[in-house]
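Residue numbers (my numbering): 621 to 1042.
The structure is reproduced here in structure tokens:
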């Protein structure tokens, strides 16, 4: 096979894999949305009955993972990191292609377990699982490409698949690239990202102080975001950063929660506790958190938002994750962060509480996952609020530093390493 034929085969492989990822992500998103909508419909009609049955769904979702594919547990990103480590090691590179971390069976169980978890009212997201599903699909395509093009690099396929998964899950192409650089293929980027972020913040604030907030080709949509929002970003970055650090610590050290050791009993206890909280909060803690967050961003004033929501959401997300089912923390983290931002806006009487919600999203995610660039870009792309980039970066930088005080090693990397050592 000559160079042109090889390049053509690789291009076709990438196009095919990317298309499969896009289709899979849309199917999975619609399946989760349908399951969540049906749960809400049933909960509104028969809240006590649904709450009573929810622990059984927790048990079923966890049993699917335990019996069908243990590698499908949790968000899926630590498993992709483990597969990448196998692919990078010359001694395990060949076996990595067949790893259960990125098998189609694992991806299938991932979909079933997380869907059943949503039906049971778990506080989980689909974005992390989409990364593992996407990496599994891309690897499947890569295995077939390898038969025609020897020497295909699994590491490249895994990183590309993970990036495509994030992009497809959130409809944020740039965030997919950033996530791959910052979290999946960190490498040298991790050694200078803090210095780079700090230099951008200082340079950006200085320029805005002298010239004001402007765009090179004008300001066609948004109004002016004044420098008065910067102290608010510091406060929210501190509050959300501390809470994000606690969140990561709880996920990484289940012993702190004193949950039962037996997997089936732990799943039932987590289900019961989440059900009780969902009844208390009228269903706001169920699922990804998209609905209450959307309502908060569309509210006329912050008093329409429950100030305790982020704390209830944090508890149910930790319980759902530790139950042992498949499910991510991406979107619940954004929802918790939005709640923290609005709660602080209410306490300190900040006028622009919606901007505070977005800053809270960035800060909490930065502290919990320790991926500040991804947090800034993903919220910017999702909301199109480019005028808030400097406040986003300030909050992200501060929250990331606070998160590291709780977890010196990033959460996903810690979970991946702990699984490897076990």
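All C-beta atoms, glycine included, are put in the ideal place defined by N, C-alpha and C. No experiment lies behind these values; they were computed from the predicted model shown.
Reduced DSSP category for residue 944 - H, G, I as helix; E, B as strand; rest coil: Translated into the one-based positions of the chain shown, residue 944 becomes position 324. Assignment of residue 944 by DSSP, reduced to helix, strand and coil, places it in the coil class.
For residue 624, which residues of its own chain have a beta-carbon under 7 Å away from its beta-carbon, when the five flanking residues on both sides are left out? Here residue 624 refers to the residue found at position 4 of the chain shown. Closer than 7 Å at Cβ, skipping near neighbours: no residue.
Residues bridged to residue 694 (per DSSP): For this step, residue 694 is matched to residue 74 along the chain shown. Partner(s): 946.
Where does residue 745 fall in DSSP's three states? Here residue 745 is taken as the residue at index 125 of the chain shown, counted from 1. Residue 745 falls in the strand class under three-state DSSP.
Grouping DSSP H, G and I as helix and E and B as strand, with all else coil, what is residue 906? By one-based count along the chain shown, residue 906 stands at place 286. Correct three-state label for residue 906: coil.
Which ranges does the alpha helix (DSSP H) cover as unbroken runs of at least 4 residues, wholly within the stretch 664 to 739, from first to last along the chain? 667 to 688, 697 to 708, 713 to 716 and 724 to 739
Locate the alpha helix (DSSP H) running through residue 971, then write down its first and last residues. Taking the chain shown and counting its residues from 1, one reaches residue 971 at position 351. Careful: residue 971 lies outside any alpha helix (DSSP H) and carries neither H nor E.
Fully enclosed by the stretch 956 to 1017, which alpha helix (DSSP H) runs are 4 residues long or longer? 973 to 989 and 992 to 1003
Status (buried if at least 16 other CB within 10 Å, exposed otherwise) for residue 635: On the chain shown, residue 635 is found 15 positions in, with the first residue counted as 1. Result: exposed.
Buried or exposed: where does residue 880 fall if 16 or more other Cβ atoms within 10 Å of its Cβ makes it buried? Working through the chain shown from its first residue, we reach residue 880 at position 260. Classification of residue 880: exposed, given that the 10 Å Cβ count is below 16.
Which of helix, strand or coil does DSSP assign to residue 882? Indexing the chain shown from 1 puts residue 882 at position 262. If DSSP states are grouped into helix, strand and coil, residue 882 belongs with coil.
Counting along the chain, where does the alpha helix (DSSP H) carrying residue 778 start and finish? Translated into the one-based positions of the chain shown, residue 778 becomes position 158. Where residue 778 is concerned, the enclosing alpha helix (DSSP H) stretches over 774 to 790.
Excluding sequence positions up to five away, which residues of its chain have a Cβ less than 6 Å from the Cβ of residue 835? Counting from one through the chain shown, the residue named residue 835 turns up at place 215. Here residue 835 scores only 43 on pLDDT, less than 50, and its place in the model should not be relied on; the value that follows carries that caveat. None.
Taking the alpha helix (DSSP H) that residue 851 falls in, what are its first and last residues? Here the question's residue 851 lines up with position 231 in the chain shown. 849 to 872 is the extent of the alpha helix (DSSP H) around residue 851.
What span of residues does the alpha helix (DSSP H) with residue 928 cover, start to end? Here the question's residue 928 lines up with position 308 in the chain shown. Counting along the chain, residue 928 falls outside any alpha helix (DSSP H), and DSSP gives it neither H nor E.
Tell me the rounded alpha-carbon separation between residue 630 and residue 735. Locating residue 630 in the chain shown gives position 10, where the first residue counts as 1. Locating residue 735 in the chain shown gives position 115, where the first residue counts as 1. The straight-line gap from Cα to Cα measures roughly 34 Å.
DSSP three-state label for residue 835, please. Along the chain shown, one-based indexing puts residue 835 at 215. Because residue 835 sits at a pLDDT of 43, beneath the cut-off of 50, its placement in the model cannot be relied upon, and the following sentence gives the value as read from the coordinates. DSSP places residue 835 in coil when its eight states are reduced to three.
Among the candidates 739, 695 and 693, whose CA atom is the shortest distance from the CA of residue 654? Within the chain shown, numbered from 1, the residue matching residue 654 stands at position 34. Residue 739 is the option with its Cα nearest to residue 654.
What number of angstroms, rounded off, separates the C-alpha of residue 859 from the C-alpha of residue 718? Here the question's residue 859 lines up with position 239 in the chain shown. Here the question's residue 718 lines up with position 98 in the chain shown. Each residue's Cα considered, the two are about 43 Å apart.
When you compare only the Cα positions, how much space is there between residue 838 and residue 744? Numbered from 1 along the chain shown, position 218 holds the residue referred to as residue 838. Numbered from 1 along the chain shown, position 124 holds the residue referred to as residue 744. Because residue 838 carries a pLDDT of 39, less than 50, the predicted location of this residue cannot be relied on, and the following value inherits that uncertainty. Those two C-alpha atoms are separated by around 40 Å.
The stretch 660 to 673 touching the stretch 987 to 1004, judged by at least three CB pairs closer than 8 Å: no
Below 8 Å, can you find three or more Cβ-Cβ pairs linking the stretch 884 to 891 to the stretch 676 to 695? yes
Under 9 Å between C-beta atoms of residue 678 and residue 742: Residue numbering aside, residue 678 sits at position 58 when the chain shown is read from its first letter. Residue numbering aside, residue 742 sits at position 122 when the chain shown is read from its first letter. Closer than 9 Å, so yes.
Check each candidate in 913, 978, 1032 and 1022 and name the one with the smallest Cα separation from residue 1010. Counting from 1 along the chain shown, the entry for residue 1010 is found at position 390. Relative to residue 1010, the option among 913, 978, 1032 and 1022 whose CA is nearest is 978.
Quick check on the burial criterion: 16 or more other C-beta atoms within 10 angstroms. Buried or exposed for residue 924? Taking the chain shown and counting its residues from 1, one reaches residue 924 at position 304. Exposed: under 16 other Cβ atoms inside 10 Å.
Extent of the continuous alpha helix (DSSP H) to which residue 804 belongs: Taking the chain shown and counting its residues from 1, the one referred to as residue 804 is at position 184. Segment: none, residue 804 is in no alpha helix (DSSP H) and carries neither H nor E.
For residue 712, count neighbouring C-beta atoms within 10 Å of its own C-beta (all shown protein chains included) and say buried if the count is 16 or more, exposed if not. Locating residue 712 in the chain shown gives position 92, where the first residue counts as 1. Looking at its Cβ environment, which holds fewer than 16 other Cβ atoms inside 10 Å, residue 712 is exposed.
By the 10 Å Cβ neighbour count, where 16 or more other Cβ atoms means buried, how is residue 876 classified, buried or exposed? On the chain shown, residue 876 is found 256 positions in, with the first residue counted as 1. Counting Cβ neighbours within 10 Å, residue 876 comes out exposed, since fewer than 16 surround it.
For residue 638, which of 918, 705, 780 and 733 has the nearest alpha-carbon? As a working note, residue 638 is residue 18 in the chain shown. Comparing Cα positions, the closest option is 780.
Can you give me the C-alpha to C-alpha distance between residue 633 and residue 991, rounded to a whole angstrom? By 1-based counting over the chain shown, the position of residue 633 is 13. By 1-based counting over the chain shown, the position of residue 991 is 371. For residue 633 and residue 991, the distance between alpha carbons rounds to 30 Å.
Straight-line CA distance for residue 1013 to residue 929? Residue numbering aside, residue 1013 sits at position 393 when the chain shown is read from its first letter. Residue numbering aside, residue 929 sits at position 309 when the chain shown is read from its first letter. Roughly 25 Å separates the two Cα atoms.
Using 10 angstroms around the beta-carbon of residue 794, count the other beta-carbons present and answer buried if the total reaches 16, otherwise exposed. Start at 1 with the first residue of the chain shown, and residue 794 comes out as number 174. Counting Cβ neighbours within 10 Å, residue 794 comes out exposed, since fewer than 16 surround it.
Residue 941 and residue 694 look like a contact to me (Cβ under 8 Å); what is the Cβ gap, rounded to whole Å? For the purposes of this step, residue 941 is identified with residue 321 of the chain shown, where counting begins at 1. For the purposes of this step, residue 694 is identified with residue 74 of the chain shown, where counting begins at 1. Right, the Cβ-Cβ distance comes to about 6 Å (below 8 Å), so this counts as a contact.
How big is the Cα-Cα spacing for residue 752 and residue 984? The residue you call residue 752 lines up with position 132 of the chain shown. The residue you call residue 984 lines up with position 364 of the chain shown. Put simply, the backbone Cα of residue 752 is about 23 Å away from that of residue 984.
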